[in-house]
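As you go down the protein sequences, you meet chains A and B in turn.
Note that our numbering has the first sequence beginning at 1, numbered continuously upward.
Note that our numbering has the second sequence beginning at 1001, numbered continuously upward.
Positions of the beta carbon are idealized from the N, C-alpha and C atoms, including for glycine.
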Amino acid sequence: MSTFEPKIVAFLCNWCSYAGADLAGVSRRPYPPSLRIVRVPCSSRVTPAMILSALKAGADGVLVSGCHPGDCHYLTGNLFARRRFFMLRKLLEFVGLEPERIAFAWISASEGDFFAEVVKEFTDKLRQIGPNLKFRKVLRREPFEFPYL
Amino acid sequence: MNSLTFKLREKARQILKEGQAEAILAFTEGPTPFKPRLALIKSPEEAERIVWPGFSGLNPLTLWPKIKDIKTAIFATGCISRTLAVLIKEKQLEREEIYVVGVPCPGLLDPQKIPDKPEIKKIDEKEEKIFFETQKETKVFLRRELLRETCLSCRHPSPTLYDEILEGESLTPSKIPFSRVEELEKLSSEERAYWFFEKIVSPCIRCYACRNACPLCYCPQCFVDDSRPQWVGKTRDPIDNLLYHLVRAFHLAGRCVNCGSCEAACPLGLPLQVLNQKLIKEAFENFTYEAGLDLESPLLFDTYDEKDPDDFIVTAKRKTGG
Ligand code: SF4
Ligand code: SF4
Ligand code: SF4
Chain A
1 MSTFEPKIVA
11 FLCNWCSYAG
21 ADLAGVSRRP
31 YPPSLRIVRV
41 PCSSRVTPAM
51 ILSALKAGAD
61 GVLVSGCHPG
71 DCHYLTGNLF
81 ARRRFFMLRK
91 LLEFVGLEPE
101 RIAFAWISAS
111 EGDFFAEVVK
121 EFTDKLRQIG
131 PNLKFRKVLR
141 REPFEFPYL
Chain B
1001 MNSLTFKLRE
1011 KARQILKEGQ
1021 AEAILAFTEG
1031 PTPFKPRLAL
1041 IKSPEEAERI
1051 VWPGFSGLNP
1061 LTLWPKIKDI
1071 KTAIFATGCI
1081 SRTLAVLIKE
1091 KQLEREEIYV
1101 VGVPCPGLLD
1111 PQKIPDKPEI
1121 KKIDEKEEKI
1131 FFETQKETKV
1141 FLRRELLRET
1151 CLSCRHPSPT
1161 LYDEILEGES
1171 LTPSKIPFSR
1181 VEELEKLSSE
1191 ERAYWFFEKI
1201 VSPCIRCYAC
1211 RNACPLCYCP
1221 QCFVDDSRPQ
1231 WVGKTRDPID
1241 NLLYHLVRAF
1251 HLAGRCVNCG
1261 SCEAACPLGL
1271 PLQVLNQKLI
1281 KEAFENFTYE
1291 AGLDLESPLL
1301 FDTYDEKDPD
1311 DFIVTAKRKT
1321 GG
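Printed below as a string of structure tokens:
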């Protein structure tokens, strides 16, 4: 799969991680061009339906990133988000659906280098896992075949 | 007559006479013994229609938006009282709006567990025994053979919230509340994915009966009805089915009271409640949280703790081992 280039949808919070991505850009840190960034007001704005929709639309991975605990612009948004993402992960694991395709990170506005590093590592990991075939919705003429076993 | 039916009728007459409530939301005899119907009983004479809903898995509080403008009494088993507690905490109902008669729950029964049910003419319950009258004979089953999976996994069969409580004995709280979940957890991730597709995603016809039968799925516009953005497509594409089931289960995380109304409503008898039970289990193990046990503590996602698990979140500190 040497030619496979993963696509990642990244939900970045406006106040920390989006600014972190910005810093990575202005400091000219190279990272793979795999990201499609969606700016959200807070990591707690991200719902499971948004994450799963991104995968359904064909993304190979989803990155959700927000401020560190204690740094949230809305004080505690990321702490509420943390519980939800924890439960979502447990649910995805339970139904055997590649929770590795969804990554969560806390990245502050000053961590431009780290942002580039996270994107690079996540992209490498997705290269190994391969393209998203289980979640992606394609128009089918044939009855659906179970793609796992 | 079933002794619980007798008790419910007697209590209903008393409440309507003494005026603790203007109406009673209860099950009445339906077209078949398996399908009792919910009705709003308003006079002591009508109370004769009330029955104990042995085989109806529907949670009567599913109709809560319709009883808001009239002081109503309900008969609440454990899960129904917990549903009420969650609805009150979510500010959908006021405690004073509902008069709650607690019923120690003997457990509800699953029609799918009876062999040859179409011939059955009449059903009677006497404590541990269930009698089925067919044309020729009367068959006897033990209650525990027919209990719903939900009731077998019930940790709180006695009501937690009530104005008064009927006498009687309830089921013993389950010692294996998560057996269905644990069985699946033992499998490999591939096998679980296979189970999910074979048992839920692929057969589901997305009739939304499971959503409609859930007392806590009361959104005026459900996410499946949105058209901009359209979260789920209109066909039965498995990916849309998958998305529906995961998101629905997630919306009930920390709220689902394990009443089993969703599973009982499914026309295909799919084991969809297992997803909710998984989330109940995780909430209990990681946040010592159970839905609807009291009126004070915040809902699972209405609060947070500094020490909530976060080892799945990537941070610079964690990476450098600092
Ligand atoms: S009730 Fe059953 S068939 Fe209908 S949407 Fe729910 S799981 Fe699917
Ligand atoms: S999702 Fe939970 S609360 Fe809703 S009907 Fe099912 S078991 Fe009851
Ligand atoms: S599935 Fe979600 S959006 Fe739909 S009614 Fe239930 S809680 Fe509301």
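Close-in-space but distant-in-sequence residues of the same chain around B:Pro-1159 (CB under 6 Å, 5 per side omitted):
Within the second sequence, residue 1159 of chain B is the residue found at index 159, counting from 1. Taken in chain order, the residues that qualify are Ala-1076, Gly-1078, Ser-1081 and Gly-1102.
Taking only beta-carbon atoms, is B:Asp-1225 less than 7 Å away from chain A?
Here the question's residue 1225 of chain B lines up with position 225 in the second sequence. So no, B:Asp-1225 is outside the interface.
For A:Asn-14, which of helix, strand or coil comes out of DSSP?
By 1-based counting over the first sequence, the position of residue 14 of chain A is 14. In the structure shown, A:Asn-14 sits in coil (DSSP, three-state: anything other than H, G, I, E or B).
For the stretch 18 to 28 of chain A against the stretch 121 to 133 of chain A, do three or more pairs of beta-carbon atoms, one drawn from each stretch, fall closer than 8 Å, so that the two count as touching?
no
Identify every residue that forms a DSSP beta bridge with B:Val-1101.
Locating residue 1101 of chain B in the second sequence gives position 101, counting from the first residue. Note: B:Val-1101 sits in a beta bridge opposite B:Phe-1075 and B:Glu-1164.
Please list, in chain order, the chain B residues whose beta carbon lies closer than 9 Å to that of A:Ser-17.
Indexing the first sequence from 1 puts residue 17 of chain A at position 17. Result: empty, since nearest Cβ-Cβ is about 11 Å, beyond 9 Å.
Does B:Gly-1019 pass the burial test, meaning 16 or more other C-beta atoms within 10 Å, or should it be called exposed?
Residue numbering aside, residue 1019 of chain B sits at position 19 when the second sequence is read from its first letter. It is exposed - the Cβ of B:Gly-1019 has fewer than 16 other Cβ atoms within 10 Å.
Taking only runs that begin and end inside the stretch 1013 to 1064 of chain B, name each unbroken beta strand (DSSP E) of 3 or more residues, in chain order.
1023 to 1028 and 1037 to 1041
C-beta atoms of B:Arg-1402 and B:Leu-1184 nearer than 7 Å:
Since the first residue of chain B shown is 1001 and the last is 1322, residue 1402 of chain B is not available in this structure.
Using a Cβ-Cβ cutoff of less than 6 Å, which residues in the same chain neighbour B:Lys-1278 once the five nearest sequence positions on both sides are dropped?
Position 278 of the second sequence, counted from the start, is the residue given in the question as residue 1278 of chain B. Within the same chain, B:Lys-1278 has close Cβ partners Val-1181.
So, do the stretch 1047 to 1057 of chain B and the stretch 1263 to 1278 of chain B have three or more beta carbon pairs nearer to each other than 8 Å?
yes
With DSSP run on the structure shown, which of helix, strand or coil describes A:Trp-106?
Here the question's residue 106 of chain A lines up with position 106 in the first sequence. Strand at A:Trp-106.
Find the residues of chain B that neighbour A:Ala-59, judging by a C-beta separation of less than 8 Å, and give them in chain order.
In the first sequence, residue 59 of chain A corresponds to position 59, counting from 1. In chain order: nothing, as chain B lies at least about 13 Å away.
Whose C-alpha, out of B:Trp-1064, B:Val-1224, B:Tyr-1099 and B:Gln-1092, is nearest the C-alpha of B:Lys-1071?
Translated into the one-based positions of the second sequence, residue 1071 of chain B becomes position 71. Of the listed residues, the one whose Cα sits closest to B:Lys-1071 is B:Tyr-1099.
Can you list, in chain order, the residues of the stretch 1265 to 1290 of chain B whose Cβ is nearer than 8 Å to any Cβ on chain A?
Leu-1275, Lys-1278, Leu-1279, Glu-1282, Ala-1283, Asn-1286 and Phe-1287
Take B:Ser-1297 and list the residues in its own chain whose beta-carbon comes closer than 6 Å to its own, dropping the five residues that flank it on each side.
Here residue 1297 of chain B refers to the residue found at position 297 when the second sequence is read from its first residue. Closer than 6 Å at the Cβ level, and outside the excluded window around B:Ser-1297, lies no residue.
With 7 Å set as the bound, which would you pick, yes or no: does the beta-carbon of A:Arg-83 sit closer than that to a beta-carbon of chain B?
Translated into positions along the first sequence, residue 83 of chain A becomes position 83. Closer than 7 Å to some Cβ of chain B, the Cβ of A:Arg-83 qualifies, so yes.
Which same chain residues, not among the five before or five after B:Val-1086, have their C-beta less than 8 Å away from its C-beta?
Here residue 1086 of chain B refers to the residue found at position 86 of the second sequence. Taken in chain order, the residues that qualify are Leu-1216, Arg-1255, Val-1257, Ala-1291, Gly-1292 and Leu-1299.
Could you name the residues of the same chain whose beta carbon sits closer than 7 Å to that of A:Gly-20, not counting the 5 residues immediately before and after it, in chain order?
By one-based count along the first sequence, residue 20 of chain A stands at place 20. Within the same chain, A:Gly-20 has close Cβ partners Ile-107, Ser-108, Ala-109, Glu-111, Gly-112 and Phe-115.
What is the DSSP secondary structure of B:Glu-1125, counted as helix, strand or coil?
Counted from its first residue, the second sequence places residue 1125 of chain B at position 125. B:Glu-1125 falls in the strand class under three-state DSSP.
Counted within 10 angstroms of its Cβ, other Cβ atoms place A:Gly-70 as buried (16 or more) or exposed:
Translated into positions along the first sequence, residue 70 of chain A becomes position 70. Looking at its Cβ environment, which holds fewer than 16 other Cβ atoms inside 10 Å, A:Gly-70 is exposed.
Mind checking if B:Val-1101 is an interface residue toward chain A, Cβ cutoff 7 Å exclusive?
Numbered from its first residue, the second sequence carries residue 1101 of chain B at position 101. Judged by the 7 Å Cβ criterion, B:Val-1101 is not in contact with chain A.
Note down, in chain order, every chain B residue with its Cβ under 8 Å from the Cβ of A:Val-118.
In the first sequence, residue 118 of chain A corresponds to position 118, counting from 1. The answer, in chain order, is Val-1314.
Contact under 7 Å by Cβ, B:Thr-1013 with B:Pro-1044:
If you number the second sequence from 1, residue 1013 of chain B lands on position 13. If you number the second sequence from 1, residue 1044 of chain B lands on position 44. The amino acid occupying residue 1013 of chain B in the given sequence is Arg; Thr does not appear at that position. The answer is yes: Cβ separation under 7 Å.
Quick one: is B:Leu-1252 near chain A, going by C-beta distance under 7 Å?
The residue you call residue 1252 of chain B lines up with position 252 of the second sequence. It does not: the Cβ of B:Leu-1252 has no partner Cβ on chain A nearer than 7 Å.
Spatial distance of B:Phe-1284 from B:Glu-1119 (CA atoms):
Reading the second sequence from its first residue, position 284 is the one you call residue 1284 of chain B. Reading the second sequence from its first residue, position 119 is the one you call residue 1119 of chain B. Their Cα atoms are separated by approximately 43 Å.
Which same chain residues end up closer than 6 Å to B:Ile-1165 when comparing Cβ atoms and leaving out the 5 residues on each side of it in sequence?
Indexing the second sequence from 1 puts residue 1165 of chain B at position 165. Closer than 6 Å at Cβ, skipping near neighbours: Gly-1102.
For B:Leu-1109, which beta-bridge partners are listed by DSSP?
Sequence index remark: in the second sequence, residue 1109 of chain B carries index 109 (1-based). Answer is B:Leu-1147.
Any chance you could list the alpha helix (DSSP H) runs of at least 4 consecutive residues sitting entirely within the stretch 1203 to 1283 of chain B, in chain order?
1209 to 1212, 1238 to 1251 and 1261 to 1265
Whose Cβ in chain B lies nearer than 8 Å to the Cβ of A:Pro-48?
Indexing the first sequence from 1 puts residue 48 of chain A at position 48. Those within 8 Å of A:Pro-48 in chain B are Leu-1246, Val-1247 and Phe-1250.
When you measure from the CB of B:Cys-1207 to every non-hydrogen atom of ligand 1, does any distance come out below 6 Å?
The residue given as residue 1207 of chain B occupies position 207 in the second sequence. Yes, ligand 1 has a heavy atom inside 6 Å of this Cβ.
For the alpha helix (DSSP H) holding B:Val-1201, just list the boundary residues, first then last.
Numbered from its first residue, the second sequence carries residue 1201 of chain B at position 201. Segment: none, B:Val-1201 is in no alpha helix (DSSP H) and carries neither H nor E.
If you follow the beta strand (DSSP E) that A:Ser-65 is part of, which residue opens it and which one closes it?
Locating residue 65 of chain A in the first sequence gives position 65, counting from the first residue. A:Ser-65 -> beta strand (DSSP E) spans 61 to 66.
Using DSSP with H/G/I as helix, E/B as strand and the rest coil, what is B:Thr-1083?
As a first step, residue 1083 of chain B must be located in the second sequence, where it is residue number 83. Three-state result, B:Thr-1083: helix.
With distances taken between CB atoms, is the gap from A:Phe-135 to A:Lys-56 smaller than 7 Å?
Taking the first sequence and counting its residues from 1, the one referred to as residue 135 of chain A is at position 135. Taking the first sequence and counting its residues from 1, the one referred to as residue 56 of chain A is at position 56. Closer than 7 Å, so yes.
Taking 6 Å as the line, does the beta carbon of B:Cys-1266 fall inside it for any heavy atom of ligand 1?
As a working mapping, residue 1266 of chain B is identified with position 266 in the second sequence. At least one heavy atom of ligand 1 is nearer than 6 Å to the Cβ of B:Cys-1266, so yes.
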